[in-house]
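Our numbering applies: residue 127 is where the sequence shown begins, and numbers increase by one. Have a look at the structure below before the remarks.
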Amino acid sequence: MNRKFLSLIIISILIVVYNFETNIKKRIGFINYDYFQTLFEENFSTNKIVIIDIDETSIENIGQFPWRRDVYSKILNNLNLAETSVIAFDIFFSEEDTQNPTKIFQEFNLNSENILNSDQLFLESINNNNVILPLVGATKEIKKNKFSSKANIITKGENPLNYLYNYQGYISSLDKFNNAAKGLGSISIIDSEDGILRYVPLILNIDEKIIPSLSLETVRLYNKEKSYLIQTDQSGIKSIQTRTTNFNINENGLNFVKFKKIPKNTYISASDIYQNNFDQEALKDKIVLIGSSAEGVFDLVKIPTGKIVPGVQVHANIIENILSKDFLKINYLTKITENIVLLISLLVVLIIANYFKPIYSILNYAILLLLLFLISILFYKQNYFVEIYNIILFNSLLFIYLLYSRFVEENKSSIENEKKQLVLKKEREIAGEVQKKLFPTEKNIENFVYAKNIPARDVSGDYYDYIKVSDDEIYFTLADVSGKGIKAGMLMANASSVFKSFSKLKFPINQLAQNINNQVKESSYKGMFITAVIGKLNITSKEVEFVNFGHESIMCFEKTSNSFSYIKAEKPPLGLLNIKDANTINTNKLNLNDKNIFIYTDGVTEGYIEDEKEFTVKGIEDEILKNKSSNIKEIIEIITNKLNNREYLRDDITMMGLQ
127 MNRKFLSLII
137 ISILIVVYNF
147 ETNIKKRIGF
157 INYDYFQTLF
167 EENFSTNKIV
177 IIDIDETSIE
187 NIGQFPWRRD
197 VYSKILNNLN
207 LAETSVIAFD
217 IFFSEEDTQN
227 PTKIFQEFNL
237 NSENILNSDQ
247 LFLESINNNN
257 VILPLVGATK
267 EIKKNKFSSK
277 ANIITKGENP
287 LNYLYNYQGY
297 ISSLDKFNNA
307 AKGLGSISII
317 DSEDGILRYV
327 PLILNIDEKI
337 IPSLSLETVR
347 LYNKEKSYLI
357 QTDQSGIKSI
367 QTRTTNFNIN
377 ENGLNFVKFK
387 KIPKNTYISA
397 SDIYQNNFDQ
407 EALKDKIVLI
417 GSSAEGVFDL
427 VKIPTGKIVP
437 GVQVHANIIE
447 NILSKDFLKI
457 NYLTKITENI
467 VLLISLLVVL
477 IIANYFKPIY
487 SILNYAILLL
497 LLFLISILFY
507 KQNYFVEIYN
517 IILFNSLLFI
527 YLLYSRFVEE
537 NKSSIENEKK
547 QLVLKKEREI
557 AGEVQKKLFP
567 TEKNIENFVY
577 AKNIPARDVS
587 GDYYDYIKVS
597 DDEIYFTLAD
607 VSGKGIKAGM
617 LMANASSVFK
627 SFSKLKFPIN
637 QLAQNINNQV
647 KESSYKGMFI
657 TAVIGKLNIT
667 SKEVEFVNFG
677 HESIMCFEKT
687 SNSFSYIKAE
697 KPPLGLLNIK
707 DANTINTNKL
717 NLNDKNIFIY
727 TDGVTEGYIE
737 DEKEFTVKGI
747 EDEILKNKSS
757 NIKEIIEIIT
767 NKLNNREYLR
777 DDITMMGLQ
């Protein structure tokens, strides 16, 4: 199966697996969530919240906890004088006050008519204030005291109870206190598997009733609202709204708390309120939360920033998030975003791993991870949490697989290629040796015709030959095949065999050229052709007859005047057109008396000398003039040696001289 197609299947599988909520995926998401919460921890942006803290100092000053109810009554009365807006308790009053003086007198059958009734005082204080009391859901069917929601709850769409966290039982304060309170709210929390509090339900299903959280009720009363509108569809809860506020939740009614640093002046010791030792103006129109930070009360929770804080501080954070409209959103939109980012990043990994060199693949992958991290930060700064750690993990799995499979495939391919190259090298070496045997070896005619070939590779695309067919006639040719390698060498060998055969039969030059051309036309590969000079030299008459088929201009050196002239090609290269009549080929004739002729391929004129400069025709002329007293063999040796100055030649070097 194609590796890239298999990669697309793996990407599809990874996306499907990503959407399964496994324990490992959850834990990685928690680490990501906690890190961002710690890294971007902000300060409270509102000063509307005050926490009345039942701290160690309060217990020491007022007495052993739990306190008698008249203590709370006095605290409420003092807060009433300060004109606070809302007072929410994070403390239950589910039993009669065991320290109530009236109750004690009654137990001993004593007259309690004028004795302090702490429960009654507390009840009156609740009536006189905007108080919210808590209740907590229980998994067992515990139904301690009665309650009913103080808010008018309007639903639109599906039944919200089907999507909310469900509690069969509950614990709440005494009925008389619940009835007197202006609001009732749940303080139920849902710890993650690792015991860290990251999210809190803003609405719950308790005893088949929709119950808002303590934080939600606090904001409702603070804004003087009476109703909640809960909108749902088949995917779950869409929104919770009041007339002025839209509360951020997911499809199960959960709010992901954005924990912030609470200013020290947010906390006021309960003993200071009890003793009326506080600035009343500082509490005017404020939201007051009454809870405990004392260690013995056991109301401490661990939050994502690594801190252990009182439960009341969690409610303060939720209220602050709502009032400042600074919600952390994790819902179906963020899940869709995660899947889009995952899909795009996986496709990018596919491209990086398949189309870049390994060293660049790793570098580009590191850049991708950095970009993903920066994207997640940008989302987080807009209060959308995208689980980038899991996305990075899934990208890493794909990247490792692709890099490994590419390594295996390329290693296998490289071994096979190496074997092929060894075979081809051997074949080229054999072809090169065969080709060398095609070149002439007659030393006795070098005073009239001399040529030299230096192949750039094992097999040359250039060719020369000369054959003495009688005492006074020598047939010669110099040619250059288009292309390189074995195909060019084979085509040249084919043309060479025709040249040798017809030259020995002393064919006229035009007929010899016709036969070579037509043979090349028949045996050429996909439009290959040959540029060539074909001719014969009469030693006695010093006359040369030749025809140029698309080759470099023939250089004619006049020894007496030290001048150069050039004879251009008259015909197109061999093998392009079929020649039916040899008479259409007109030959040139030239007397070599006091002249030398030089024929060469473009590997000579375009060959490199020092500093990557081309030799050019001018370079040939200069060398001929420098060595004009030398014979053609010496001149050709000087020029070819000058060009053969590096390990890898740019092109084949072939040069022929006639004198």
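Even for Gly, the Cβ is constructed at its ideal location relative to N, Cα and C.
Just confirm the distance between the C-beta atoms of Ile518 and Leu498, as a whole number of angstroms; I'd bet it's less than 8 Å. Within the sequence shown, numbered from 1, the residue matching residue 518 stands at position 392. Within the sequence shown, numbered from 1, the residue matching residue 498 stands at position 372. Right, their Cβ atoms sit about 6 Å apart.
Quick one: using the 10 Å Cβ neighbour count with 16 as the cut-off for buried, is Gln163 buried or exposed? Your numbering for residue 163 matches position 37 in the sequence shown. So Gln163 ends up on the buried side.
Contacting residues, own chain, Cβ-Cβ under 8 Å from Val622 (five flanking each side not counted): Translated into positions along the sequence shown, residue 622 becomes position 496. Just to set this straight, residue 622 is Ser in the shown sequence, not Val. The beta carbon of Ser622 sits closer than 8 Å to the beta carbons of Leu564, Tyr589 and Asp591 from its chain, once the five residues preceding and following it are set aside; these are given in chain order.
Residue range of the unbroken alpha helix (DSSP H) whose run includes Tyr144: The sequence position of residue 144 within the sequence shown is 18, counting from 1. Counting along the chain, the unbroken alpha helix (DSSP H) around Tyr144 starts and ends at Arg129 to Tyr144.
In angstroms with no decimal places, state the Cα-to-Cα distance between Asp160 and Ile150. For the purposes of this step, residue 160 is identified with residue 34 of the sequence shown, where counting begins at 1. For the purposes of this step, residue 150 is identified with residue 24 of the sequence shown, where counting begins at 1. If I take the Cα positions, the gap works out to 15 Å.
Ile656 versus Glu671 - alpha carbon distance: Here residue 656 is taken as the residue at index 530 of the sequence shown, counted from 1. Here residue 671 is taken as the residue at index 545 of the sequence shown, counted from 1. Whole-angstrom Cα-Cα distance: 20 Å.
Chain-order list of residues whose beta-carbon lies under 8 Å from that of Glu222 (same chain, five-residue window excluded): Stepping through the sequence shown from its first residue, residue 222 is reached at position 96. For Glu222, the CB contacts under 8 Å within the same chain, skipping 5 residues up- and downstream, are Lys229, Asp245 and Leu300 in chain order.
Please say whether Asn771 and Ile779 have beta carbons closer to each other than 8 Å? Position 653 of the sequence shown holds residue 779. Position 645 of the sequence shown holds residue 771. When the beta-carbon positions are compared, Ile779 and Asn771 stay at least 8 Å from each other.
If you count every other CB in all the chains shown that lies within 10 Å of the CB of Leu617, and 16 or more means buried, which is it? For the purposes of this step, residue 617 is identified with residue 491 of the sequence shown, where counting begins at 1. Classified as buried, Leu617 has 16 or more neighbouring CB atoms from the shown chains inside 10 Å of its CB.
Quick check on DSSP: helix, strand or coil for Gly733? Locating residue 733 in the sequence shown gives position 607, where the first residue counts as 1. DSSP, reduced to helix, strand and coil, places Gly733 outside both helices and strands of the structure shown, so it counts as coil.
Closest Cα partner of Thr368 within the set Lys630, Ile448, Ala442 and Lys387: Position 242 of the sequence shown, counted from the start, is the residue given in the question as residue 368. Of Lys630, Ile448, Ala442 and Lys387, the residue nearest in Cα terms is Ile448.
Excluding the five sequence neighbours on either side, which residues of its own chain have a C-beta within less than 6 Å of the C-beta of Ser450, listed in chain order? By one-based count along the sequence shown, residue 450 stands at place 324. Counting only Cβ-Cβ distances below 6 Å, and skipping sequence neighbours, we find Ser171 and Thr172.
Glu740 bridges to which residues according to DSSP? By 1-based counting over the sequence shown, the position of residue 740 is 614. Partner residues in the beta bridge of Glu740, as assigned by DSSP, are Tyr734.
Please name the residue or residues paired with Gly362 in a DSSP beta bridge. Sequence index remark: in the sequence shown, residue 362 carries index 236 (1-based). Paired residues: Asp359.
Is there a Cβ of chain C sitting closer than 8 Å to that of Asn570, yes or no? Of the protein chains in this structure there is only one, and it is not chain C.
Determine the contact status of Lys282 and Leu355, defining contact as a CB-CB distance below 8 Å. Along the sequence shown, one-based indexing puts residue 282 at 156. Along the sequence shown, one-based indexing puts residue 355 at 229. Yes, they are a contact pair.
When we look at the beta-carbon of Leu784 and count the other beta-carbons within 10 Å, is it buried (16 or more) or exposed? Numbered from its first residue, the sequence shown carries residue 784 at position 658. Sixteen is the threshold: when 16 or more other Cβ atoms of the shown chains lie within 10 Å of the Cβ of Leu784, as they do, the residue is buried.
At 3 residues or longer, and completely inside the segment 387-463: list those beta strand (DSSP E) runs for me, N to C. Within the segment 387-463, the complete beta strand (DSSP E) runs of at least 3 residues are 393-395, 413-418, 426-428 and 434-436.
Note the first and the last residue of the continuous alpha helix (DSSP H) segment covering Arg346. By one-based count along the sequence shown, residue 346 stands at place 220. From DSSP, the alpha helix (DSSP H) with Arg346 extends over Leu340 to Tyr348.
Using only the alpha-carbon positions, how far apart do Asn521 and Tyr486 sit? On the sequence shown, residue 521 is found 395 positions in, with the first residue counted as 1. On the sequence shown, residue 486 is found 360 positions in, with the first residue counted as 1. Rounded to whole angstroms, Asn521 to Tyr486 spans 17 Å at the Cα level.
Rounded C-alpha distance that separates Phe191 from His441: Working through the sequence shown from its first residue, we reach residue 191 at position 65. Working through the sequence shown from its first residue, we reach residue 441 at position 315. Cα to Cα, the separation comes out at about 22 Å.
Taking all protein chains shown into account, do 16 or more other C-beta atoms lie within 10 angstroms of the C-beta of Lys266, making it buried, or fewer, making it exposed? Position 140 of the sequence shown, counted from the first residue, corresponds to residue 266. It is exposed - the Cβ of Lys266 has fewer than 16 other Cβ atoms within 10 Å.
Thr463 versus Leu476, Ser502 and Leu454, residue with shortest Cα-Cα distance: Against the sequence shown, residue 463 aligns to sequence position 337. Nearest C-alpha to Thr463 among Leu476, Ser502 and Leu454: Ser502.
Could you check where the beta strand (DSSP E) with Glu168 kicks off and where it finishes? On the sequence shown, residue 168 is found 42 positions in, with the first residue counted as 1. That residue, Glu168, is in no beta strand (DSSP E); it is neither H nor E in DSSP.
I'd like the ranges of any alpha helix (DSSP H) spanning at least 4 consecutive residues and lying wholly in the segment 236-312. Every alpha helix (DSSP H) stretch that sits fully inside the segment 236-312 and reaches 4 residues is listed by chain position as 244-253 and 301-306.
Could you tell me how far apart the beta carbons of Ile765 and Glu747 are, in whole angstroms, since I believe they sit closer than 8 Å? On the sequence shown, position 639 is the one that residue 765 refers to. On the sequence shown, position 621 is the one that residue 747 refers to. About 11 Å; that fails the 8 Å criterion.
Taking 7 Å as the limit between beta carbons, can you name the residues of its chain near Phe404, skipping five residues before and five after? If you number the sequence shown from 1, residue 404 lands on position 278. By the criterion of a C-beta distance shorter than 7 Å, Phe404 is surrounded in its chain by Ile394 and Asp398, once the five residues flanking it on both sides are discounted.
Are the CB atoms of Ile363 and Ile279 nearer to each other than 8 Å? What you label residue 363 is simply residue 237 of the sequence shown in a count that begins at 1. What you label residue 279 is simply residue 153 of the sequence shown in a count that begins at 1. No, the Cβ-Cβ distance between Ile363 and Ile279 is not below 8 Å.
His677 versus Leu548: straight-line alpha-carbon distance, rounded: Counting from one through the sequence shown, the residue named residue 677 turns up at place 551. Counting from one through the sequence shown, the residue named residue 548 turns up at place 422. So the two alpha carbons sit approximately 35 Å from each other.
Rounded to whole angstroms, what's the CA-CA distance from Phe219 to Ser298? Just pull it up for me. Numbered from its first residue, the sequence shown carries residue 219 at position 93. Numbered from its first residue, the sequence shown carries residue 298 at position 172. About 7 Å.
Can you find the residues in the same chain that come closer than 8 Å, C-beta to C-beta, to Asn378, ignoring five residues on each side of it along the sequence? On the sequence shown, residue 378 is found 252 positions in, with the first residue counted as 1. Cβ-Cβ distances below 8 Å link Asn378 to Tyr289, Leu290, Tyr291, Pro327, Gly362 and Ile363 in the same chain, with the five nearest sequence neighbours on each side left out; the list follows chain order.
The beta strand (DSSP E) with Tyr506 in it runs from where to where? Reading the sequence shown from its first residue, position 380 is the one you call residue 506. Element bounds for Tyr506: not the beta strand (DSSP E) but the alpha helix (DSSP H), Pro484 to Lys507.
Look at Ile175 and Ile413 and say whether their C-beta atoms are less than 8 Å apart. Here residue 175 is taken as the residue at index 49 of the sequence shown, counted from 1. Here residue 413 is taken as the residue at index 287 of the sequence shown, counted from 1. Yes. Within cutoff.
Mind checking which residues open and close the alpha helix (DSSP H) that includes Pro192? To locate residue 192, count along the sequence shown from 1; it is residue 66. Here Pro192 belongs to no alpha helix (DSSP H), and DSSP marks it neither H nor E.
Considering just the uninterrupted stretch of the beta strand (DSSP E) at Phe675, what are its terminal residues? Within the sequence shown, numbered from 1, the residue matching residue 675 stands at position 549. Where Phe675 is concerned, the enclosing beta strand (DSSP E) stretches over Glu669 to Phe675.
Where does Lys744 land, buried or exposed, given buried means 16+ other C-beta within 10 angstroms? Here residue 744 refers to the residue found at position 618 of the sequence shown. The residue is exposed, with fewer than 16 neighbouring Cβ atoms inside 10 Å.
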